[in-house]
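Each residue of the sequence shown is one higher than the last, beginning at 18 in the working numbering. Report on the structure given below.
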Amino acid sequence: MRTFALLLTALVLTACNYPGSLAVVTPPTPLPSATPAPTEAPRVLPHALYFLSQREGSAAIWRLAADGVSLQQLTDESEPVDEYDVAADGTLVYRIQNRIYRYDPSGAPQTLVDNASADAQDASFAYTDAVRAPRLAPNGATLAYAQGGVWLFDLASGNSLLILENIVDYEDEAITPVELYAPVAWSPSGMQLLISIATPEGSSLGVWDVRSEAFVRLQGGAVLCCQAAWAADSQSLLLASAALGLVEPGLWRYDAASGEATTLIETQAEDAYHFVGWPLQLPNGDLQYFYASAGEIHDADLPLYMVRSAADGAGGRSQMRDDAFSIREALWAPDGSLALVAQSAPSGAGPIVLAYADGRPLQVLVDFGYELKWGE
């Protein structure tokens, strides 16, 4: 049991501080006009940015408009928001302890999942009753979440369906988790769901197909980690790792239908380790990601450079910016024109920095935040 818990904890990727000073984002002062007319501020971001932050106390959901200036706190609960997700149409859900709510800007939030009565001290609570990992389908119609397995919740009807049930062994008065499932990310088409598989030996991934109801496990070693990114056509996904230890660094592509893996950047080649994080596949097949190589193992996280390459991960690789990043989290614009980089700090989350792919100066958007997601 202790080994299993330690493995799950080790799979959470940590990051270091981002170099640079903090900045305070303030709204521009409007110019006086004799006949004021509503104007739309220029877009700095491709979409509105949602994130978690303790800017006003406990963790809440915030929204930064696409103008990169207008900032709004969306939730103001008595307890901190643990997790959340937002769909492209603006549908917003969040979890507080063992409940999942749907955000309503005009009134009280709607409770979607409520298992608050479960005994958190029960030995099997984490395997059968803990609610976590809310993930909305791209159209905002279906909520996937974990509670004793993976459930799909239809927001229109309120009906729910258990598609994968956790495998737990209760033999000889001992409780042993065999396989625990949780949703990770919907494909852009909304027809596949990437699911994590935690076992006492490590952690793997699989793809559940909505139409066929088939569950395909991705090929690989005992631990598959750390950042997964679907291709725009939903036919494949990328998996990158900038960690070295229980997991190996590198970049892989997986076929969503078969689970077959193709190594794009090997863990070690030409007497160097290759570290890759936060990949993005562009519509033309080219890749962008954060990358560094080193001839020896470093005690701390290695700063990564923003690069671009051909679809094979190596051909035509070029550095897009001069600066290196120690990254807690990164979020790409869909067209790869920019990335938002969140840093860690001694007190928790650090600033959210806008890094253009064309090398323009860095810009601090928010003083501190994490769990970055695009929405409207």
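Every residue, glycine too, gets a C-beta built ideally from N, C-alpha and C. If you're wondering where the values come from, they're calculated on a predicted model, not measured in any experiment.
{"Item": "Mapping the DSSP letters down to three states, classify L382 as helix, strand or coil.", "Value": "strand"}
{"Item": "In whole angstroms, what is the alpha-carbon distance linking P217 and P194?", "Value": "7 Å"}
{"Item": "Return the CA-CA distance between V110 and E287, expressed in angstroms with no decimal places.", "Value": "46 Å"}
{"Item": "Grab me the residues of A374's own chain with a C-beta within less than 8 Å of its C-beta, minus the 5 sequence neighbours each way, in chain order.", "Value": "Q305, M323, R325, M337, R338, G353, S354, L355 and A356"}
{"Item": "Would you please state the rounded distance, in angstroms, between the beta carbons of Y290 and A311? I believe it to be under 8 Å.", "Value": "5 Å"}
{"Item": "Mapping the DSSP letters down to three states, classify Y187 as helix, strand or coil.", "Value": "coil"}
{"Item": "What is the DSSP secondary structure of T46, counted as helix, strand or coil?", "Value": "Note on T46: pLDDT 34, under 50, position unreliable in the model; no value is reported."}
{"Item": "Considering just the uninterrupted stretch of the beta strand (DSSP E) at T193, what are its terminal residues?", "Value": "T193 to W203"}
{"Item": "Mapping DSSP to helix, strand and coil, what is Y120?", "Value": "coil"}
{"Item": "Examine the Cβ distances between the stretch 264–278 and the stretch 247–255 and report whether three or more of them are shorter than 8 Å.", "Value": "yes"}
{"Item": "Secondary structure at S280, three-state DSSP: helix, strand or coil?", "Value": "It is worth fixing the name first, because residue 280 is Thr in this sequence and not Ser. Strand at T280."}
{"Item": "When DSSP builds the beta bridges, which residues end up paired with V130?", "Value": "I117"}
{"Item": "Name the residue from D146, I184 and D171 whose alpha carbon lies nearest to the alpha carbon of L153.", "Value": "D171"}
{"Item": "My understanding is that L329 touches L281, with C-beta atoms under 8 Å, so please give their C-beta distance in whole angstroms.", "Value": "Before going on, a small fix: residue 329 reads as Asp here, not Leu. Going by Cβ atoms, the distance from D329 to L281 rounds to 6 Å, so yes, they are a contact pair."}
{"Item": "For the alpha helix (DSSP H) containing A143, list its first residue and its last residue.", "Value": "F142 to T145"}
{"Item": "Given that a residue counts as buried once 16 or more other Cβ atoms are within 10 Å of its Cβ, and exposed if not, what is S229?", "Value": "exposed"}
{"Item": "On the DSSP bridge assignment, give the partners of S213 in chain order.", "Value": "A199 and L222"}
{"Item": "May I ask you to report which of helix, strand or coil DSSP gives V272?", "Value": "Before going on, a small fix: residue 272 reads as Asp here, not Val. Three-state DSSP puts D272 in a strand."}
{"Item": "With DSSP collapsed to three states, give me the class of S87.", "Value": "coil"}
{"Item": "Note down the Cα distance separating I214 from L91, rounded to an integer number of angstroms.", "Value": "32 Å"}
{"Item": "Here's the rule I'm using: 16 or more other beta-carbon atoms within 10 Å means buried, otherwise exposed. How should P151 be labelled?", "Value": "buried"}
{"Item": "Runs of 3 residues minimum, wholly inside the stretch 283–315: which ones carry the beta strand (DSSP E) assignment?", "Value": "289–298 and 304–311"}
{"Item": "Mind reading off the beta-carbon distance from F307 to A362? Whole number of angstroms is fine, and I expect it under 8 Å.", "Value": "So it is not a contact: roughly 19 Å between Cβ atoms."}
{"Item": "Measuring straight from C-alpha to C-alpha, what distance separates S343 and C243?", "Value": "16 Å"}
{"Item": "Distance, Cα to Cα, I212 vs W349?", "Value": "22 Å"}
{"Item": "DSSP three-state call for E94: helix, strand or coil?", "Value": "coil"}
{"Item": "Rounded to whole angstroms, what is the Cα-Cα separation between A327 and A245?", "Value": "18 Å"}
{"Item": "Evaluate contact between the stretch 376–387 and the stretch 90–106, counting only Cβ atoms and requiring at least three cross-stretch pairs below 8 Å.", "Value": "no"}
{"Item": "Starting from D329, trace the beta strand (DSSP E) in both directions and tell me its first and last residue.", "Value": "Per DSSP, D329 belongs to no beta strand (DSSP E) and is neither H nor E."}
{"Item": "Here's a check: name, in chain order, each residue in its chain whose Cβ is nearer than 7 Å to the Cβ of P320, leaving out the five neighbours to either side.", "Value": "A309, A341, F342 and S343"}
{"Item": "I need the straight-line Cα distance from P378 to P368, nearest angstrom please.", "Value": "15 Å"}
{"Item": "Mind checking P300: buried by the 16 CB within 10 Å criterion, or exposed?", "Value": "exposed"}
{"Item": "Pull up the distance between the alpha-carbon of L88 and that of P351, whole angstroms please.", "Value": "22 Å"}
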